[in-house]
Every structure is written in structure tokens, then in C-alpha cells.
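Asker:
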Amino acid sequence: MTEFEPKIIAFCCHYCALAAADVAGKTGLQFSPNIRIIRVLCTGKIEVPHLLKAFESGADGVVVISCKFGECYFKEGNFRAQKKVERAQSLLQEAGLKPERLLFDFVPGPGAKKFVDILNGMTERVRSLGPNPSVH
Amino acid sequence: MIVAERKPFSEILSMVEDYSRILVVGCGSCVTICMAGGEEEVKILSSQLRLAFKKNKKDIEVEEAMALRQCDDEYMNNPELINKVKKADIVISMACGIGVQHATAFFNRIITDKPIKIVPGLNTTFMGANLDVGVWEERCVGCGDCVLEKTGGICPITRCAKSLLNGPCGGSSNGKCEINKETDCAWHLIIERLEALGELDRIKPIEMYKDWRPSHDGGPRKIIREDMRI
Ligand code: SF4
Ligand code: SF4
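One line per chain: the protein sequences are W and E, in this order.
FYI, in the working numbering the residues of the first sequence are 6 to 141.
FYI, in the working numbering the residues of the second sequence are 1433 to 1662.
1) State the DSSP-derived secondary structure class of residue 1462 of chain E, mapped to helix, strand or coil.
2) CB of residue 1461 of chain E to nearest heavy atom of ligand 1: below 7 Å?
3) Cβ of residue 1601 of chain E versus every heavy atom of ligand 1: is any distance shorter than 7 Å?
4) Say yes only if the C-beta of residue 1590 of chain E is nearer than 7 Å to one or more non-hydrogen atoms of ligand 2, and no if none qualify.
5) If you pair each beta-carbon of the segment 1457–1477 of chain E with each one of the segment 1548–1557 of chain E, do three or more pairs fall below 8 Å?
6) Can you round the beta-carbon distance between residue 13 of chain W and residue 67 of chain W to whole angstroms, since I take them to be within the 8 Å contact cut?
7) Please check the pair residue 1448 of chain E and residue 1524 of chain E, which I expect to be a contact at CB under 8 Å, by giving their CB distance rounded to whole angstroms.
8) Would you kindly check if the distance between the Cβ of residue 1557 of chain E and the Cβ of residue 1435 of chain E is under 8 Å?
9) Any chance the segment 12–26 of chain W sits against the segment 114–132 of chain W, with 3 or more Cβ pairs inside 8 Å?
10) Could you check what DSSP says for residue 1535 of chain E in three-state terms: helix, strand or coil?
11) Please tell me whether residue 1625 of chain E and residue 1586 of chain E are closer than 8 Å, where the distance is taken between their beta carbons.
12) What do you reckon, is the C-beta of residue 1524 of chain E under 7 Å from a heavy atom of ligand 1?
13) Quick check for students: name the residue ranges of the beta strand (DSSP E) that lie wholly in the segment 1518–1576 of chain E, counting only runs of 3 or more.
14) May I ask which residues mark the beginning and end of the alpha helix (DSSP H) holding residue 82 of chain W?
15) If you measure from the beta carbon of residue 1476 of chain E to each beta carbon in chain W, is any gap under 8 Å?
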């Protein structure tokens, strides 16, 4: 049997996570090929239905990467994103999915190293959780 | 507005799990504003149902729809919505209890070839005001004979735990009600407001018992405006 390759959606803030992805690319830091990035202008704009829809559409894991608290370009977008992720985690749990499949994290400035660590860590986490039971 | 909260997912699931085509219908007015049964909450509940059914390998269809007001025929008399209701085996209404009942009556009148089953997705909680983002509090119980002119615009029926007309009682302490430290004593607020208005004398006469006949308990109340009817 081939090893399970998780599909992971990363909602990334344009101002920090995307900048970090750029720096990672330029400096040759690699992240797992299991990640599909969706750029958002601010993670505060991500709504709970987007997060649930990602799982419905086949994601095995979802990660939301925002700026550090206090560094959001729109002041409090990352606080909102964190709250929405927490709500979505409990909604997922009610529906029978492990809340650990959804993660909120942040990168300071264009912190390429942390960005890559988050994505690789998430890939390992979801690999050990196994496939999304609502899809496979 | 009418303020409601979504029912726990397990309760909703147990209402619908024996059906194969489910329609979730939101309401675009009060419950949209109090973030319990609007478009976003319809999407959330529908996603949760699909995820839960797929996990349990059940082949169930979940459709979504909206009505601007489920308490009014005018906003439900829409061919697309009626068609979706016809196709469904069960409908979850995300409106308040009024909407659930009105939609049940409406769709069973319009659709005659099969009975339409509509279940509530929300617990209708109170008539209240939006105090801050994500905060609502009860303000009126619809007593049918408003006394706010005597009480400085603060309702003693709703906001006093004992619905006293002559207050405060001995449980008022530092502006808070004896039921808990978070709840303002309504009569403390009334006295402060009347004092500011220079109308404290208003509460000197003993208020006699309230006429509760216009209130609930005598069956559903009804208003007919003859001038609006042809
Ligand atoms: S059905 Fe209920 S929630 Fe919807 S508009 Fe009417 S009163 Fe408000
Ligand atoms: S006195 Fe009656 S009608 Fe007026 S706000 Fe209180 S409950 Fe509502």
C-alpha cells in the first residue's frame, strides 16, 4: 500500500505568510508538496463556512497562517481568524472530525523558517491523523 | 428583534438522520442579525450535516435555501424555494419558532401532494437588543400593555426578575439584582433615570396590579387592522 499523502489547504495572509513563502522560495527553503496555498488579503476575512467547505471538498487538513498578534495590517484580523478557527474546530468535532485537522498559527514578518516549519509540521500531523473520514 | 440560538448539532442530527433529502432554510431578518439562522449559519449547518453523513457512509443530500422572512407568505411564495421544499423529505427551518410554524402552514397549503415536515434548527430565546458585537439581551416580553412611560424607558416586567411594578425589592444591592452580580437591578436603573429626568415623584403612588389580560395565556393573541383589509 502506498503511503497516505494528505491534502492540506493553507489559507495564508498576503502580508506575512505569503511574504514568508516568497522568502522561502528565494532562499531555497522547501516545504511539503502536500500544501495548496490560498492567498487572502487578511485572515480575518476567512469565514467559518470557508473552513468547513475545505474539508467537504476533500482537504485532510487546513491551516490558517496570519501575522503575529499586534502586527496585523488590518489591526485585529488575526484575532478574528483565531476565533473563527476555534469555532470551526468545535463544529468539526460535532460533525465527527478531529479538531486537530484544523490549525491556526502565525509568522512574524517574513519569517520563512517558521512558515516552512508550520507547513511541514502540519503535514506530519495530518499524516498521522490519517485521511479525512468524511471523504475517503 | 427576535433573538435565537442554534440547537446543539446532535439534537438536529437526531431529527433528520432517517431522511435522505434534507433542505436547510435560513431566514433573512431577525435571526440573520443575531447570527443564528442566516445564510452563513445555513452553510455551516449544511456542511456539518454533509461531513457527518459522509463519515457515517450515509448517502444523504443536503440542500440550502433562504427566505427573507419565514413569518410572511410574501417572502416564501417563491417558485425556486417551493420547488426545493417539494423535493425534500424533511426541512430544517433556521427561523424563529414563528417562522417554523408559519412555513409549516404555508408549504402544507401550497404543496398538496404530500405532507411537508419542518423541524426547528434554533431555540427561539427572547425579544432583545444588540448591546455589542455578539451580545444580546432581553428587553420586552410583549405584555400587551406597555408601562415604559412610567418607568423611564426601562421595562420592569422584563428586566426585574420578579416583574415588580413597585420596586426595588430588598434584594437590590449596589445596583445589582440578587439573582446574580452581573444582572442590573431594573428598579435601580429606573430610579436613576427618573431622578435624571426630574420625575422621581412618578414612583411615589403605589402602582396597582397590572392588567394581564392583554398578555399571553389566553391563547394566541391576534391583531386585525380592518383599515388594511379589502
Ligand atoms: S421568521 Fe422569525 S426570525 Fe424570521 S423574520 Fe420572522 S420573526 Fe424574524
Ligand atoms: S412593559 Fe410590556 S410591552 Fe413594555 S417593554 Fe415591558 S414587556 Fe414590553
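Here a beta-carbon is modelled for each residue, glycine too, at the ideal position from N, C-alpha and C.
Answerer: Taking the geometry as given:
1) Within the second sequence, the letter at position 30 stands for residue 1462 of chain E. In the structure shown, residue 1462 of chain E adopts helical secondary structure according to DSSP, grouped into three states.
2) Position 29 of the second sequence, counting from 1, holds the residue named residue 1461 of chain E. Yes, the beta carbon of residue 1461 of chain E sits closer than 7 Å to at least one heavy atom of ligand 1.
3) Position 169 of the second sequence, counting from 1, holds the residue named residue 1601 of chain E. No, since every heavy atom of ligand 1 falls outside the 7 Å radius drawn around the Cβ of residue 1601 of chain E.
4) Your numbering for residue 1590 of chain E matches position 158 in the second sequence. For residue 1590 of chain E, the CB falls within less than 7 Å of some heavy atom of ligand 2.
5) The count of Cβ pairs closer than 8 Å, one atom from the segment 1457–1477 of chain E and one from the segment 1548–1557 of chain E, reaches three, so the stretches are in contact.
6) Working through the first sequence from its first residue, we reach residue 13 of chain W at position 8. Working through the first sequence from its first residue, we reach residue 67 of chain W at position 62. Going by Cβ atoms, the distance from residue 13 of chain W to residue 67 of chain W rounds to 7 Å, so yes, they are a contact pair.
7) Numbered from 1 along the second sequence, position 16 holds the residue referred to as residue 1448 of chain E. Numbered from 1 along the second sequence, position 92 holds the residue referred to as residue 1524 of chain E. About 6 Å separates the two Cβ atoms, so the contact holds.
8) The residue given as residue 1435 of chain E occupies position 3 in the second sequence. The residue given as residue 1557 of chain E occupies position 125 in the second sequence. Contact flag set, yes.
9) Note that the segment 12–26 of chain W touches the segment 114–132 of chain W; at least 3 beta-carbon pairs, one per stretch, sit closer than 8 Å.
10) Looking up residue 1535 of chain E in the second sequence gives position 103. Residue state, collapsed to three classes: helix.
11) Residue mapping note: residue 1625 of chain E aligns to position 193 of the second sequence, counting from 1. Residue mapping note: residue 1586 of chain E aligns to position 154 of the second sequence, counting from 1. Yes. Within cutoff.
12) Counted from its first residue, the second sequence places residue 1524 of chain E at position 92. If you check the C-beta of residue 1524 of chain E against ligand 1, you find no heavy atom less than 7 Å away.
13) With a minimum length of 3 residues, the continuous beta strand (DSSP E) runs that stay inside the segment 1518–1576 of chain E are 1522–1525, 1550–1552, 1554–1564, 1567–1572.
14) One-based indexing of the first sequence puts residue 82 of chain W at position 77. Per DSSP, residue 82 of chain W is one residue of the alpha helix (DSSP H) stretching across 82–99.
15) Taking the first residue of the second sequence as 1, we reach residue 1476 of chain E at position 44. Chain W, which has a Cβ nearer than 8 Å to the Cβ of residue 1476 of chain E, makes this yes.
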